[in-house]
Each structure stands twice: as structure tokens, then as C-alpha cells.
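Shown next, in C-alpha cells, is the structure this report addresses.
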Amino acid sequence: MEELAQQGYLTPDGVRGKRFGDFEVLELGATTVARLAKAGLDFTPASAVTFPCERYKAPKRVGLVKPDNVYLHRIAGRLVPIAVAEWKDKARLRKSSDELAAAEQAVVGALAMGVRLALTTDGERFRYIDAASSAAAGKIVEIQEVRDFTPSVLSDLYRGESDVERDPRPLSEKVWQIIWQTTKAEPKDCLLTFVEFFMLKFLSDNLPLSVLPADYRFDVLLSDPDEFARNKGCTQIEYYVNSIRPRIKQIFAERLVVDDGKVRNVFGLATITSYTSIINGFAFLRSSVTTTISSYNRTFCEILNEFQEFGALTNIDPEFKLRLYETFLKRSARQQRLGQFFTPRNVVKPMVKMAMLNALPDESVVLDPAAGVGGFLLEPLLFSDALPGNVTFVDGRPRQRVKLVGVDVDASTNILAKANMLLHLAESVRDPQTTPEALNQALVNTFILMNDNETLGGLLYPPRDSVDVILTNPPYVTQGSAVYRKEIEHVTGKKNGVYLEKYYDTGGLGVEALFLRYISGALKPGGRAFVIVPLGLLNRTAQRMKKELLRECNILASIQLPRNAFFNTAQPTYILALERRRVKNQSRPPVFCGIARSIGETLDYERVPTPDDNDLAALADLFVHYMNNGVTADSVARPVQYEGCAYAKIVPASSFDPDERWDVFRHWTDAEHIELGERADTIERGEFIDLATETLQELIDDLRQAKDELAQLQNGAVKKYALSDSSRFQVRSGIRIRNVDLRDNPGDVPVYSVFTRPETIKGMIDRDWLAERGVEPEPYPCVTVMATGASAVGTVFYREANCVMTDDVVIVQPWPKSPTDGQLELDDETSEAAGDDSTDGTEPPEHDIDLGYLAVAMSQTIAQGGYVYEAKLYTKRVAQLTIEVPVDSEGKPDIERQRQIAAVVKRLDQIRSKLQETGTWSKGVRLA
């Protein structure tokens, strides 16, 4: 008993060892197993040990075995041995024979005490042995565990939970409440504080002792507060702040240079320095006159105990890695500031699938220019069809098959992203072959903090033609966004080879417009971007911004997300997919359009999983199928369902021209919307006011701009032309097509009749049926007038080629321009944006009357004439109409001014539609 007394293990209440996490340890070496049993340890010494030792000479009597360390578990007052350890000097473990002797000694000690776990160590290397299996096999049977011996490792081995994935979500819920109730800090500060605790426990459970010594680990803080104060001279929280916290920041340095040359080259920078660690937001450190750091010690210890009771943070449930930050969005009414840098993983995952990252060649670059906490870059590491195993460590250096690069302007967010990456690399963190320097470099090379200019952030250094895939959710700011433009104007010199004022001079409101320009310029030819954008950007009449974007990119997809898909806003959002054009005159593919009504979880703050209700996941699968199988532009003349899915359509590229809306709502009929079951969601009254105000302000800005442009364009010479002039116009009616004809002869040619919406068709007719009657689909675009119909008469539409009209529709077309008038040449950008409107490879004839303007002029004349149902507009009456056409200084039709007026009027019509939609939304929305 002498050694037990000398070590202080004998107390009035019996034997009590040193605390070792949830366990106790007796550090001995001179006390026999028999004496330990007599001292009160709850075990019966073995009568004999039959294990065949080759190198270790065991005592003749089992009771004389003297283990170096005995690990105990106190269960209902009983002190039960669970493991033994043999400690050897390095000099005594140089040979394999020495290692075998030590292992055999540990096994004999374990079997003598009736425990399964045995280990040997020289203080640096640890060898774990299953004593029971060794006895059965007659040889040493090792346990495959690479971590240094810590309380967490002992817990995992003892409970057989080394491979068990744990979901710390309940832990995070509870700790969140404790932090918030104690500090009343902002959600972001609570999140950063939780991450500090989580990182402390995670690193303590996974890093080698040589990197994070025992005095700097989580377990050292678990003592009784009074005992801790006697031993350390301070409280636990003070010890953490003054000793452990600086050590973690030393391991994960706050100043480190990005050493990946390819990453630096993306931004045109010779040097990029990281100034952040993986922790730096501890709410308990708030400065206060009346509150000291030590006063938080009780709460600090309460949180430590919650983590300790949860268990080891080794094998973490991937779902928790993906959803760690959602906890802090669910539990606060003040979500917006935190939500600015968070994209729900049920939105991230489908976007990652759409990007098809597994098909990227080596050394490709995947970029998120508004990375936030890093979901778009880290989630692919967990998906078998994305980038599993992309980050590896070889010879003390990090390697990425595909370069993952995330940029952010917020230092706290950059810290969270690095911490998030460590969780995703948990297996590498606990691998003793992975150095902390390599881990640190991997974090720094992946997540770049760009806050040289805190207004512009990453926009200050736009990548140029160097990125293969972009996945991002850029910030949305419309009001007040002028400050970004002004800041750009004051940037001097070139950044990555361009002058920013000129580079970003592409039009469009909001920061999201700047990011779209950043994205389009960053992509390589053929590179793709998947961007979350607000609805306002798509249906805003920003013709110049859209034209500039289309000059560099094709649109691949436009997918509407449900309201409240994001935690912090009910603002309607979209996924916009882009592809950088390979050549200037590349044809534009049809656009994959979708309406996602669900994302696999409820859209309230609880976010209850609904895996069987996930339109977005289904749309992602369909998009991948579409991209792999393709649809030719010529085969899509109008929106058509894709693969029979009611909420997916393929839409002609012409519907996404610069003067068109880029949302998808208009490509579904009212009946289809009803069939899809869409309805207005409940939103807060305050949020309704914000959304309505923002929408109305956008409409007012658009109306003012359209008014100014029209005033300027209409301030010029005009000339009257009669539609009866057969040398310039042809006026004719459509053909008789009955409903029974459509039912009996279904086909692929759309039939238009007297309807008030341009996309509404009477049906689809067979080409052969038309040919039998000597009718061919319209070979070129034209303008139509509804001849009859109570509400439709006088309605004018522009129609694309390859369709037919019924006989209550009048068709108007200018005759081809006379060769003596000379040829009107489209500029490169106009012809490129227009694409090929013909379906048979024949270019449409040139006119000196623009068809878009013809529709505008006819609408104006008809409106002034007051035509109603009683005054039907059949062919003869239409031919009597006269229109005004802008002319140049020579009195000839000014085709360019016509096109400009037509574009402004088209935008005005879109604004009217948006006003109507806003009114319908305002009337139908349910206010909470």
C-alpha cells in the first residue's frame, strides 16, 4: 500500500486516482495486482495466465504482476479496472524484440486483472492491444488506432465506439442556449464561441500529444474549480484564455503565406497572406466595466461538462458537418446578419451535383468568390459523386487534385470556414503522418481573406479566364449599392491586368450585378458557374447588363427556388447556371428551366427533413441528364416539358435575350401553375413591407429609366407608312384550324389563336396535315393582330418562325428590303445575341422596318383608333392602318432607332407585367 499512499491515491473514502477524462488513472509500477485488489479495486485477480510469452518473463504467481498504469471506471461507487499500460524508455523499445516483450508484459498485466485493453508507450508512440483476443489467438492482436493515448481514445476503445459516427446536434443546441443566455451575444458571436469550444475538444481528441501537449488539451480543464485554482493559480476560463487559446493560435498561425502558386495566379497576386486562425470569437471576452472573465467560469465549466458528457469528437456524423451552422440560424429571431454568409446545405448539395465536379480534370480550379463558411467547397469532399479524397497530404505537404478556392471579405467568416474545413478533414487531423504545418497550409490555400478594401472585398482582384467551375451565393444589395461603384471609381492602377472602373462598367443594379461580371470574366472558355441570384436581377430590365453577360456566357439553366429556402429572407431566389462561350459565334443552347417547390426540408425555422419531397434534388438530376444528353437548339421552338416532369421545361435561348425576363414563371401557364399547387407562403409583416418596398423601388427606377430613354429616342423625325402599301408590307390571315383538327392530328407545330397572353397556344398540329392543305409553318418571324375576341381584339404580338395562326389572327410582315436600298448589317454583338432564328438553316430576309418596332407601332395605332370587339380587325381593316416610323436625315427608315424604341417598349411591357404580378402577390400573400 506504500506506493498508493505516496501518490495520494488513498483517501478516507477509499482509493481515488487522478482524473483522466471520465476515468481515473493510478500511476504505479511497484504495486502488485494482489495489493490493488486488497486496496478496494473491484476485480478478482486471475488464478493463472496462459498466454505464451516469447520475450517477457512473467512472474510465477499472477498476483505479483506490477502494471505501470491502471485505468479505472467508477460505476455506482465501484472502481472497476478497464485498461493497463506499460511505459518504457525509448532506449528499451529500439528493437522489435523489445517491443514484443513490452506488448507481452502489457497483455499479462491486463489478463491478470481481467481487462481487455492493454497498451505500451514510450511517451511518443502508442501501441494498443486487445488482451482477450491475444489470449485466444496465442499471439499479440493489435487494435487499429493511430491516435495518441488520451481520455477520448480510452473512452472509444473501452466502449467499442472508435468507428461510431456521432451527431453533435443535440450538444450544439444545448451549448447554444447556454452561451446566449449567459452573454446575450449576437448569433454570430454565439456561433464563434461554440466553434472555439468545439475546436478545443476536436483538436484535443485528434491531434498528437507532440503537437498539442497534455497541459493544453481539453481534459486539463475538467478538474474541480477549487482544485484547479489551487493547482494552477487561476480559474479554468482564465487558463484557457491565457494559455490554451494562444497555443492553438500558434499551431494554426494567424499569419501565413499562401504557397500554392496556381491559387495566387488566379488573382494575379505575387503574395497572398492569411491573417486568421481557426478561432477568434469568444463572447466571454467582451469588454465590460462590471464583468470580469473569471466571473464566467461557472458557465465555462458547465459547457466543458456538456462536451465531456457527449463523448469524443472523432468520427463526426457527416450530416452534422454539413449542418453545424444551421443550429445558430434556427435559434434566433435575428437571423439576417448571420444568414448573409450561409447557404442551406439542401440548396448547396443539388448545386454541387449540377456542377459535376467529379468529371473535372486534374489541376482544375473551383472557386466561390463569396465563400462564407465554405459549404460549396467542403460539401463536395463528402459526396461520392463529387470530390471525395480530393485533399490529401503527402510528404508533409497538402495536395488537391482539384484546386478549391474560397474568397471572403469577413475575417470571422474566414475563421469559421477554416474550422469547418478541419472538421471535414478529421481523418487527416488524427493521422500522425499529417503535420500541423500541412493542415495549416491546406486551410490557407483554400480559404482566402480579401479585405484590403472592406467595401469591395474579392471584387478588388477579379480572376481572368482561369476558373473551371464557380459555385456561389453572392450578397444581394440594391439600395445603397452605389457605394460599391464609387469605391471602384477610386481604385487606381490595374488589378490583375484590368482597370476596375472599365472592367465593371457593364450596367446593372446591385452588388450581384458586379459579381456576375466578376464571374463571367473569371471562367475559362467552357467553364461553368452556378450562382444564386435574387429574382429582381432576372426580371429587372437591365438590358445592358444582360447583353454584356451574354457576350461572354451562355445561359444553361434558370431554376426558381421556393420562398423561405434561405433562413434569413423570404425574397424569391434563383439558381442561374452559366457557361463561358468557347468562341464568339457559338450557338446558344436551349435553357433548362425549373420550378422547385420544395428542397427536402420544411421551410420554417425548424427545417424538419422531408426527403420524399425534394423538387430541387430532382431538378438537379434532370439537369445533369440534360447536360449529358443534350437538346439541339433547332428542336426547341417553344417551352416544352423535359422528361415528362411538370416542373422542368426546356426553353428556347431566344427567351433569354437581353431584352427578356430571365425568370421562369412566364413559361408555365396559369393552368400549369395551378396543377403544380403553387400558392403564396406566409411571411412576416415587416418582411412583406421590405419586399414590397424593394420591388416597388426597382419598378420606379425602371420606369424612370424607360421614360428618359423613350423621350430621347422619340425626339426625332418620323414618317407615316400605310400597311396597305403592298410594295412594303404583306397583310394576310391565318388558316382555319378547328379543335377537332388538333385532337385528330397532334404534332409539333404550335398553333396561335386569339388569346391575351403571348405564350398561350391553341394546340400543336401535325406538319403533314398542314402540307396536305398546302400550308407551311411560317418560315420567318412576323407580327400578328388578334382580329376578334372580347378581350383580345387588337392585341399585337411578335411571333417567332415555325408556327401557324388560325384564321381569326391577321399576319403582317414587311417585304424583304429592295437590293437598291443597300444591305443593313447587324453588328457582331446584335447578331450574336440574336442567334439563328430560322429552323431550316436559312437566314431571315432583311427589312428596313424592324419587326419589334412594327409590333410597337401597330399597337400604338390600334390603341389610338379605339378598336373594340364590335370593330373587328380582320385583314381589310388592318391593311387600312397607318404607322409612324423613325427616319434618318435622308428620310429613310432608321432601323437602329426602331430597334432601340422596340427594346424600351418591350421593357415597359415587362414592367407592366411585374406591376401586375406584384399586385397579385400583394393581394394573395398571407401575412403572419
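Using my numbering, the first residue of the sequence shown is number 103, and each one after it goes up by one.
For every residue, glycine included, the Cβ atom is placed at its ideal position computed from N, Cα and C.
All of these numbers come straight from a predicted model, not from anything done at the bench.
Cβ-Cβ separation, residue j to residue i (assumed contact under 8 Å), whole Å
i                 : j              : result
leucine 721       : glycine 702    : Contact flag wrong, Cβ pair sits at about 12 Å.
alanine 187       : asparagine 171 : 4 Å
phenylalanine 669 : leucine 1029   : Not confirmed; about 20 Å, so no contact.
aspartate 510     : alanine 544    : Contact flag wrong, Cβ pair sits at about 17 Å.
isoleucine 177    : valine 217     : Actually they do not touch by this definition, with Cβ atoms about 14 Å apart.
lysine 190        : alanine 204    : 5 Å
proline 627       : arginine 683   : 7 Å
phenylalanine 153 : valine 182     : Between valine 182 and phenylalanine 153 the Cβ distance is about 22 Å, and since that is not below 8 Å, they are no contact.
valine 493        : isoleucine 550 : About 16 Å; that fails the 8 Å criterion.
isoleucine 997    : valine 958     : So it is not a contact: roughly 14 Å between Cβ atoms.
lysine 505        : leucine 801    : The pair is not a contact, with the Cβ atoms about 42 Å apart (cut-off 8 Å).
leucine 558       : isoleucine 590 : 7 Å
alanine 679       : leucine 658    : 4 Å
Test item: CB-CB of residue i and residue j under 8 Å
i                 : j                 : result
leucine 323       : leucine 406       : yes
isoleucine 951    : proline 988       : no
valine 887        : valine 853        : no
lysine 648        : proline 754       : no
glutamate 654     : glycine 623       : yes
leucine 106       : alanine 150       : no
glycine 498       : threonine 548     : no
phenylalanine 402 : isoleucine 339    : yes
leucine 956       : valine 856        : no
asparagine 417    : glutamate 267     : yes
isoleucine 677    : isoleucine 621    : no
phenylalanine 386 : threonine 515     : no
leucine 259       : leucine 219       : yes
leucine 562       : valine 593        : yes
tyrosine 111      : leucine 128       : yes
valine 1027       : isoleucine 785    : yes
threonine 378     : phenylalanine 478 : no
Buried or exposed by the 16-neighbour rule on C-beta atoms within 10 Å, applied to residue i
i               : result
isoleucine 985  : buried
proline 490     : exposed
isoleucine 1013 : buried
asparagine 344  : exposed
proline 711     : exposed
alanine 698     : buried
lysine 455      : buried
threonine 944   : The pLDDT assigned to threonine 944 is 49, lower than 50, so where the model puts this residue is not dependable, and the model offers no usable value.
glycine 560     : buried
glycine 116     : exposed
valine 585      : exposed
arginine 77     : Coverage of the chain is limited to positions 103 through 1030, which leaves residue 77 absent and any answer about it impossible.
glutamine 207   : buried
asparagine 817  : exposed
lysine 1025     : exposed
proline 446     : buried
serine 488      : Residue 488 is actually alanine in this sequence, not serine. Flag for alanine 488 reads buried.
Beta-bridge partners of residue i, as assigned by DSSP
i              : result
tyrosine 900   : Val885
glycine 865    : Val853
valine 989     : Pro995
glutamine 502  : Val493
glutamate 1019 : None; glutamate 1019 has no bridge partner.
arginine 1001  : The partner list for arginine 1001 (beta bridge, DSSP) is empty, contrary to what the question assumes.
histidine 175  : Val182
leucine 680    : Ala631, Ile657
valine 507     : Leu469
threonine 671  : Phe668
glycine 131    : Paired residue(s): none; glycine 131 is not in a bridge.
threonine 375  : Val359
methionine 907 : Tyr854
Proximity test, residue i beta-carbon vs the ligand NAP heavy atom, cut-off 7 Å
i                 : result
phenylalanine 831 : Absence of the ligand NAP from the depicted structure is noted, as is the absence of any ligand whatsoever, leaving it without description.
Handout entry: Secondary structure, beta strand (DSSP E): runs of 3+ residues fully inside the segment 710 to 776
Key = 742 to 744, 747 to 753
Handout entry: Continuous beta strand (DSSP E) assignments of at least 3 residues falling wholly in the segment 306 to 342
Key = none
Exercise for the section: Could you tell me which uninterrupted beta strand (DSSP E) segments, each at least 3 residues in length, are contained entirely in the segment 782 to 831, listed from first to last along the chain? Expected result: 820 to 824
Exercise for the section: Could I get the ranges of all uninterrupted beta strand (DSSP E) runs contained in the segment 197 to 269, with 3 residues as the minimum, in chain order? Expected result: 219 to 223, 228 to 232
Problem - Segments assigned alpha helix (DSSP H), at least 4 residues, entirely inside the segment 437 to 472 - result: 438 to 441, 447 to 457
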